[in-house]
Amino acid sequence: MTRPKFTATDVVNNVDVQHLVTKTARSLHRRYKRFVSWEDLAQEQWLWLCSHPDKAMELFDLQPSYLTRRLRTAAERYARREKAAKTGYREEDEQFYSLNRLAELLPDALDDEATSPCMGYAETPQARDELYAEWETAVIDVRRGLGLLSSPLKSILTDVYLDCIEHHTDDVKAALRGLQRVLGGPKPQD
């Protein structure tokens, strides 16, 4: 067994790492302040750092932003677990939408008479019900997101999906990212 190059003490005593932990915890706390304290978010990061000192220093040496991303992921997982526990749902009930998935759902969300997709002749009643429930939930989420979106971004998305403007412009991508943000953001990295 090889001895680690770095110890937990090395990581804890690194002033730059201390700064990253504080900065990341305070930044993430803005989103989850009703459910966790910033100190708890920092503590979760320290737990990860002390459990993985070599990996932490490797990421930091490559690029401090790599370590920041990893610390943010560790703290956000904790925050999401706490949010789920305090609001009465399970963490696996959360749904995240990619930009492509949002683009697929927008025409249905903007059409009040949209119907769920069908799987074909071989579908079973149970499979059909599951597909419908998934589709309906996603469309409701996107409609709710559109309601929370700023008017200019909502207008861009409405125009795109009513075929008034080009689909692949920077404005459209920004509007889709805005919609993704109001729906909870992109899926956190593993």
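Going by this note's numbering, the first residue of the sequence shown is number 1, and it counts up by one from there.
No residue lacks a Cβ here, since even glycine has one placed at the ideal position from N, Cα and C.
| query | result |
| --- | --- |
| Sequence-distant residues of its chain with Cβ nearer than 7 angstroms to L258 (five each side left out) | As shown, the chain starts at 1 and ends at 190. That puts residue 258 outside it, with no answer to give. |
| Member of L71, T158, E44 whose CA lies at the smallest distance from the CA of R55 | Inspection of the sequence shows that residue 55 is occupied by Lys rather than by Arg. Selected option, being the one with the closest Cα: L71. |
| D190 versus V160: straight-line alpha-carbon distance, rounded | Annotation note: pLDDT 45 at D190 (below 50); position unreliable, no value reported. |
| Range covered by the alpha helix (DSSP H) that runs through Q43 | 38-51 |
| Among H29, H52, L183, the one whose alpha carbon lies nearest that of R77 | H29 |
| Whether A75 touches A8 by CB criterion (8 angstroms) | no |
| Exposure label - Q180; buried when at least 16 CB within 10 Å | buried |
| Where the alpha helix (DSSP H) containing L107 begins and where it ends | Going by the sequence as given, residue 107 is Pro instead of Leu. Unbroken alpha helix (DSSP H) run through P107: 99-110. |
| Candidates V21, L41, N13: closest to S65 by CA position | V21 |
| Opening and closing residue of the alpha helix (DSSP H) in which Q18 lies | 15-32 |
| Short Cβ contact (8 angstroms threshold) for A79 with L47 | no |
| When K23, F60, G184, A85 are compared against E39, the one with the closest alpha-carbon | K23 |
| P53, buried or exposed, once every other Cβ within 10 Å from all chains shown has been counted against 16 | buried |
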